[in-house]
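Q: There's a structure below that I have some questions on.
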Amino acid sequence: MNNEVILQNRLIVKPDVIEEGLTLIERETRLKNGKKCDILFKDKENRKLYVEVKETINNKSIEQLSGYQKIVNCKDSRFMLVANNCVNDKYKDKLREQKLEFKVINKDDIVIRLEKVLNVIKGDAEFRSREGVFKALKEQGKIAIEIYNYVAIKLHSIETPIICNISDGIMFHPVNTNNKFLSITTKRDRLLFHFPNGNRDGIYSQFKGRIPELYYSRSGDKNQIDIKLSNIKCLENVKPLIDKAFISIF
Numbered sequence: 001m002n003n004e005v006i007l008q009n010r011l012i013v014k015p016d017v018i019e020e021g022l023t024l025i026e027r028e029t030r031l032k033n034g035k036k037c038d039i040l041f042k043d044k045e046n047r048k049l050y051v052e053v054k055e056t057i058n059n060k061s062i063e064q065l066s067g068y069q070k071i072v073n074c075k076d077s078r079f080m081l082v083a084n085n086c087v088n089d090k091y092k093d094k095l096r097e098q099k100l101e102f103k104v105i106n107k108d109d110i111v112i113r114l115e116k117v118l119n120v121i122k123g124d125a126e127f128r129s130r131e132g133v134f135k136a137l138k139e140q141g142k143i144a145i146e147i148y149n150y151v152a153i154k155l156h157s158i159e160t161p162i163i164c165n166i167s168d169g170i171m172f173h174p175v176n177t178n179n180k181f182l183s184i185t186t187k188r189d190r191l192l193f194h195f196p197n198g199n200r201d202g203i204y205s206q207f208k209g210r211i212p213e214l215y216y217s218r219s220g221d222k223n224q225i226d227i228k229l230s231n232i233k234c235l236e237n238v239k240p241l242i243d244k245a246f247i248s249i250f
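In my numbering, the protein residues as written are 1 to 250.
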């Protein structure tokens, strides 16, 4: 299990565990030279707070954050490492010397109660809202809305909270897991079922008879099954496979 991803998710849902007054701007915020920082917040004084999440803090992670500080080059911006485990004193001293902030926040100490699906923008996202995705899908937007509402109403719950990451589409990612289980993408207008825990081929064989329009790319993601949105005649046809992908992620 990747504790860093789960900790990221929980901090996004509940940023007040870092400090009060934070507002989420985006995750995976893009810097120059293709670099990406895990989460970007705005603090109560309207300063940008760049947060990099690590399992443990070491020289490499300090150098990484220091590099971000140099790239951004803004004296009003803040830079923070958040670690899942305790920080060695020698690293604390090094962080202070470089005017970098740090906090230790164990993911298991963050209690999440998310009543509704949370929509989260990813850095350099083509779309800044789910409505933008639906509009771009044109005539396929109707079935995309039905799929979104099914996940938001039937699969999301207090026990299984879900984040929707928005970029060139909508990616459904349970807060307490490492991976997404479903994506609506504007790239060739598809619905993607993700099975990162394996057995994609077995699941494909199980559902191909019921949903003949399913396919997968032998050169693409080995854990993914695709269907064109235009081939989904009604939501009921794909509900069983959506449910299967959701259950399989845990």
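Idealized CB from N, CA, C, for every residue including glycine.
1) Count the other CB atoms, across all protein chains shown, that sit within 10 Å of the CB of residue 169; report buried if there are 16 or more and exposed otherwise.
2) Does the pairing of the segment 14–27 with the segment 44–58 give three or more beta-carbon distances under 8 Å?
3) Do residue 165 and residue 195 have their CB atoms nearer than 7 Å?
4) Helix, strand or coil for residue 168, going by three-state DSSP, please let me know.
5) Distance check for residue 203 and residue 153, CA to CA, integer angstroms please.
6) Whether or not the segment 98–115 and the segment 138–146 are in contact is what I'm after, with contact meaning three or more pairs of Cβ atoms, one per stretch, closer than 8 Å; do they touch?
7) Between 58, 95, 112, 242, which has its C-alpha nearest residue 16's C-alpha?
8) If we count the other Cβ atoms within 10 Å of its Cβ and call it buried at 16 or more, is residue 183 buried or exposed?
9) The beta strand (DSSP E) spanning residue 53 covers which residue range?
10) Okay, do the segment 57–67 and the segment 87–96 touch, 3+ Cβ pairs below 8 Å being the bar?
11) Out of curiosity, what's the CA-to-CA distance linking residue 240 and residue 189?
12) What number of angstroms, rounded off, separates the C-alpha of residue 131 from the C-alpha of residue 90?
13) Taking the continuous alpha helix (DSSP H) assigned at residue 248, which residues delimit it?
14) Can you give me the C-alpha to C-alpha distance between residue 13 and residue 231, rounded to a whole angstrom?
15) Taking the alpha-carbon positions, what's the residue 50 to residue 167 distance?
16) With a threshold of 16 other CB atoms inside 10 Å of the CB of residue 218, please say whether the residue is buried or exposed.
A: To lay it out plainly:
1) The residue you call residue 169 lines up with position 169 of the sequence shown. With 16 or more other Cβ atoms within 10 Å, it is buried.
2) yes
3) Locating residue 165 in the sequence shown gives position 165, where the first residue counts as 1. Locating residue 195 in the sequence shown gives position 195, where the first residue counts as 1. Going by C-beta atoms, residue 165 is not nearer than 7 Å to residue 195.
4) Within the sequence shown, the letter at position 168 stands for residue 168. DSSP places residue 168 in coil when its eight states are reduced to three.
5) Within the sequence shown, numbered from 1, the residue matching residue 153 stands at position 153. Within the sequence shown, numbered from 1, the residue matching residue 203 stands at position 203. Spanning the two alpha carbons is a distance of roughly 25 Å.
6) no
7) Walking along the sequence shown from the start, residue 16 turns up at place 16. The residue with the shortest Cα to Cα distance from residue 16 is 112.
8) In the sequence shown, counting from the first residue as 1, residue 183 sits at position 183. Buried: at least 16 other Cβ atoms inside 10 Å.
9) Translated into positions along the sequence shown, residue 53 becomes position 53. Residue 53 -> beta strand (DSSP E) spans 48–54.
10) yes
11) In the sequence shown, residue 240 corresponds to position 240, counting from 1. In the sequence shown, residue 189 corresponds to position 189, counting from 1. Near 20 Å, if we compare the C-alpha coordinates of residue 189 and residue 240.
12) Numbered from its first residue, the sequence shown carries residue 131 at position 131. Numbered from its first residue, the sequence shown carries residue 90 at position 90. Using only the alpha carbons, I get a separation of about 48 Å.
13) Your numbering for residue 248 matches position 248 in the sequence shown. Taken as a continuous stretch (DSSP letters only), the alpha helix (DSSP H) holding residue 248 covers 235–248.
14) Position 13 of the sequence shown, counted from the first residue, corresponds to residue 13. Position 231 of the sequence shown, counted from the first residue, corresponds to residue 231. For residue 13 and residue 231, the distance between alpha carbons rounds to 34 Å.
15) Working through the sequence shown from its first residue, we reach residue 50 at position 50. Working through the sequence shown from its first residue, we reach residue 167 at position 167. Each residue's Cα considered, the two are about 19 Å apart.
16) If you number the sequence shown from 1, residue 218 lands on position 218. When all chains shown are included, residue 218 counts as exposed.
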